[in-house]
Structures are given as C-alpha cells and as structure tokens.
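Numbering (our numbering), first residue to last: 11 to 70. Structure first, commentary second.
Here it is, written out as structure tokens:
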C-alpha cells in the first residue's frame with residue numbers, strides 16, 4: 011500500500027497543503043497516520059477522497 015506525504019497530495023491534487031490540513035480538521039475529510047516524528051502520511055483512500063472533493067470543488 012502506497013503512503014503519501016502532504017506535499018505529495020498537494021502535487022497530485024492541486025489542493026494547497028494548508029487547505030488539506032483545514033479540511034482534515036474541520037470536516038474530518040482525511041485520516042492520516044503519523045510517523046514517530048509526528049509527520050502525516052496518507053493512504054490510497056485518502057488520495058482518492060481528496061481527488062474527488064477537488065474535482066467537485068472545481069465544478070462548483
């Protein structure tokens with residue numbers, strides 16, 4: 011299973027990292043794991059969900 015950093019998600023989705031963090035906190039949109047140094051890592055399901063939401067936002 012692939013793991014992605016927040017910068018990976020930003021590059022793949024076009025959504026800024028700050029926005030990803032806000033959506034994570036405000037809407038519980040994503041559920042990242044944390045490394046021992048407290049860095050967020052995201053899975054395939056998180057990436058798919060973010061891409062879907064980004065596409066919906068782009069359409070209005």
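Even glycine gets a Cβ: it sits at the ideal position worked out from N, Cα and C. Note that the structure is predicted; figures quoted are calculated from it, not measured.
Does residue i pass the burial test, meaning 16 or more other C-beta atoms within 10 Å, or should it be called exposed?
i: residue 32; result: exposed
i: residue 22; result: exposed
i: residue 30; result: buried
i: residue 37; result: exposed
Mapping the DSSP letters down to three states, classify residue i as helix, strand or coil.
i: residue 43; result: strand
For residue i and residue j, which I take to be in contact (beta-carbon distance under 8 Å), what is that distance rounded to the nearest angstrom?
i: residue 27; j: residue 20; result: 5 Å
What number of angstroms, rounded off, separates the C-alpha of residue i from the C-alpha of residue j?
i: residue 56; j: residue 41; result: 7 Å
i: residue 49; j: residue 60; result: 18 Å
i: residue 46; j: residue 53; result: 17 Å
i: residue 106; j: residue 58; result: The chain is shown only over 11 to 70; residue 106 falls outside these bounds and no answer can be derived.
i: residue 51; j: residue 68; result: 25 Å
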